[in-house]
């Protein structure tokens, strides 16, 4: 049936604004060599292993680490309420599914960083021996990993906030004509 039908299609103008800004920003960063990080706010559900005592304790330790990191002075202020809610909910009992809604691009970047660190450890085992690699893993790797997480998270959040601020500014600009012409914007 190819007849015309009444339909309302919502168009997410904010997504259009984000896309256009990021396309321009990426082109500029490629031309100048200045980095512009992946900043998509898209989130997905990520399962956290919680099927036995060891996985449960690891999940609790990670949650405690997240809580402590959120209390640092340079922690993003907009994440504090989210983390407080996460900590308040806690980790469910062993065997129950546990999922977190996390930014897709940030998680991808963290996985890539983890893979690179694991490859480095394997290289160390081959070149310098098992003992040197284990010492590195025990003494240096936790601090390196914490710095990598912080750097990637702050870079992602900074880029995301920059894009969102631009979207807000555009909406404010286009909405500024509403007093003279109610119901219209500068885009009309």
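In this note's numbering, the protein residues as written are 3 to 190. Glycine included, each C-beta is placed from N, C-alpha and C at the ideal position.
Anticipated Cβ contact below 8 Å, residue i with residue j, distance rounded
i: residue 40; j: residue 98; result: 32 Å between Cβ atoms; not a contact.
i: residue 43; j: residue 105; result: 7 Å
Alpha carbon of residue i to alpha carbon of residue j, nearest angstrom
i: residue 159; j: residue 68; result: 16 Å
i: residue 127; j: residue 156; result: 31 Å
i: residue 93; j: residue 132; result: 35 Å
i: residue 125; j: residue 147; result: 17 Å
i: residue 100; j: residue 153; result: 26 Å
i: residue 113; j: residue 178; result: 43 Å
Bounding residues of the alpha helix (DSSP H) (the contiguous stretch that carries residue i)
i: residue 164; result: 143-177
i: residue 21; result: 15-34
i: residue 37; result: Here residue 37 belongs to no alpha helix (DSSP H), and DSSP marks it neither H nor E.
i: residue 83; result: 82-91
i: residue 56; result: 55-72
Extent of the continuous beta strand (DSSP E) to which residue i belongs
i: residue 46; result: 45-49
One or two residues paired with residue i in a DSSP bridge
i: residue 102; result: 48
Residue environment, residue i, which counts as buried when at least 16 other CB atoms sit within 10 Å
i: residue 162; result: buried
i: residue 121; result: exposed
i: residue 165; result: buried
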